[in-house]
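All remarks here apply to the structure that follows.
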Amino acid sequence: MVDANKKVAVVTGAGQGIGRAIALRLAKDGFAIGSLDFNTVTAKETVALIEAAGGKALAVSVDVSKREEVISAVDQVVAKFGRLDVMINNAGLGPTTPLEDITPEIYHKVFDVNVGGVYWGIQAALKHFKARKPAKTGDIVGKIINASSQAGQVGNPDLAVYGATKFAVRGITQTAARDLAKLGVTVNAYCPGIVRTPMMENIAKKVADENKQSLEWGLQQWAKTVTLGRISEPEDVAACVSYLAGPDSDYMTGQALIIDGGMVFN
Ligand code: NAD
1 MVDANKKVAV VTGAGQGIGR AIALRLAKDG FAIGSLDFNT VTAKETVALI
51 EAAGGKALAV SVDVSKREEV ISAVDQVVAK FGRLDVMINN AGLGPTTPLE
101 DITPEIYHKV FDVNVGGVYW GIQAALKHFK ARKPAKTGDI VGKIINASSQ
151 AGQVGNPDLA VYGATKFAVR GITQTAARDL AKLGVTVNAY CPGIVRTPMM
201 ENIAKKVADE NKQSLEWGLQ QWAKTVTLGR ISEPEDVAAC VSYLAGPDSD
251 YMTGQALIID GGMVFN
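Structure follows, in structure tokens:
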């Protein structure tokens, strides 16, 4: 049976890494979870982990670069759980692209997922948020949370495409915050640093292989650039998103919270 009082959060890219950690954390916080991912198997694994811990979740396959798929996926979650409270546009691609290697294909692919996925996620969520009118000015009926990066705060070497998408996500977040406030919707972003996920491990492995070193060595090269002296675990980021998804951040909108152990200082 649908529990009409149970809040619902949709997380894209919930099959692994940061997205999975966010899904597990928000389930622990009491949300029912829409686990959306390109990878059906891992999206279902996330659901199994949530259910094993006593939570509720639904897996839906989606390519976030496809507008109709995202709208349909969010509709399926709302049909199952009866409402939508938080939309987390987390799915992203992070290829390293030395300037001279950038092709039209890679440029379009990464923008379609990292930027397009945010537009479509916002539209998919708005459809449901608009049905719930705030009782008075300042009441919050929905929250949108987007994945940016410390690479969306400063230029990083070899990340001209990825970094541009993450700067774009901050821009969209600021505009959407202004456009949607009157509907009672807040829009914020999170900016992780170096997080131990399959995305980061792939990059670290490349560096390690080039230097004939281990994966752990590759990961530790970044720890030197982090003030707190260690790279991030996905759960560090999930804790930040938990704050953005919960009531304690109701008076915050248009912000991009840096959760990077002290790499970028603003
Ligand atoms: P990851 O590659 O480990 O996981 C990404 C997930 O998104 C995967 O499950 C993948 O299947 C899914 N996905 C990819 N393309 C998709 C698509 N088109 N449609 C639906 N799902 C898709 O990545 P991660 O490290 O967990 O990163 C998550 C987010 O955090 C990304 O937006 C990334 O840019 C951002 N981020 C990561 C780091 C880091 O250090 N790992 C740092 C800063 C920002």
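With UniProt numbering, letter number 247 in the sequence shown gets 247, and the count goes up by one each step, no holes. Every residue gets a Cβ at the ideal spot worked out from N, C-alpha and C, and that includes glycine.
Option in the options with minimal Cα separation from residue i
i: THR12; options: ALA4, ALA21, LYS6; result: ALA21
i: THR46; options: ALA27, VAL207, VAL62, ASP63; result: ALA27
i: residue 276; options: ALA181, LYS143, ASN89, LEU93; result: For residue 276 there is no data in the structure shown, the boundaries of the chain being 1 and 266.
i: SER148; options: LEU228, LEU183, ILE194; result: ILE194
i: PRO157; options: MET252, ASP37, TRP222; result: TRP222
i: ASP63; options: GLY54, LYS109, GLU216; result: LYS109
i: VAL226; options: ALA176, PHE265, ASN39; result: PHE265
i: LYS166; options: TYR243, VAL118, LYS212, VAL41; result: VAL118
i: LYS182; options: LYS130, TYR162, ALA164; result: LYS130
i: MET263; options: GLY218, ALA160, GLY152, PRO247; result: GLY152
i: PRO98; options: THR137, ARG230, VAL161, LEU49; result: VAL161
i: LYS80; options: ARG230, LYS6, ALA23, GLU210; result: LYS6
Residue j beta carbon less than 8 Å from that of residue i
i: CYS191; j: ASP260; result: yes
i: ALA256; j: ARG170; result: yes
i: GLN16; j: THR186; result: no
i: ARG67; j: ALA238; result: no
i: ILE172; j: ASN202; result: no
i: VAL10; j: VAL77; result: yes
i: ILE18; j: ASN114; result: no
i: VAL70; j: TRP120; result: yes
i: ILE140; j: GLY82; result: no
i: SER232; j: ASN188; result: no
i: THR142; j: ALA168; result: In the sequence as displayed, the identity of residue 142 is Gly instead of Thr. Not a contact, by the Cβ cut-off of 8 Å.
i: ALA4; j: LEU36; result: no
i: LEU215; j: LYS224; result: no
i: ILE258; j: GLN150; result: yes
i: THR253; j: ALA177; result: yes
i: ILE33; j: GLY54; result: no
i: THR103; j: LEU159; result: no
i: GLU51; j: ALA43; result: no
i: ILE144; j: VAL241; result: no
i: SER65; j: GLY116; result: yes
Coil, strand or helix - residue i by DSSP
i: MET252; result: coil
i: THR186; result: strand
i: PRO98; result: coil
i: SER232; result: strand
i: ASN266; result: coil
i: ASN202; result: helix
i: VAL2; result: coil
i: LYS212; result: coil
i: LYS227; result: It should be pointed out that residue 227 corresponds to Thr in this sequence rather than to Lys. Looking at THR227 - three-state DSSP - the assignment turns out to be coil, as it is neither helix nor strand.
i: GLN174; result: helix
i: THR197; result: coil
i: THR165; result: helix
i: ARG25; result: helix
i: GLY82; result: coil
i: GLY117; result: helix
Test: residue i CB closer than 8 Å to a CB of chain C
i: THR97; result: The question asks about chain C, but that chain is absent: this structure has only one protein chain.
DSSP bridge partner residues for residue i (one or two, in chain order)
i: PRO192; result: ILE259
i: LEU159; result: THR97
i: ILE88; result: VAL11, ILE145
i: ALA32; result: VAL8
* To do: Can you check the segment 34-68 for any beta strand (DSSP E) of at least 3 residues that lies completely inside it and give the ranges in chain order?
  => 57-61
* With a floor of 3 residues, list each beta strand (DSSP E) that falls wholly inside the segment 124-154, ordered by position along the chain. => 142-147
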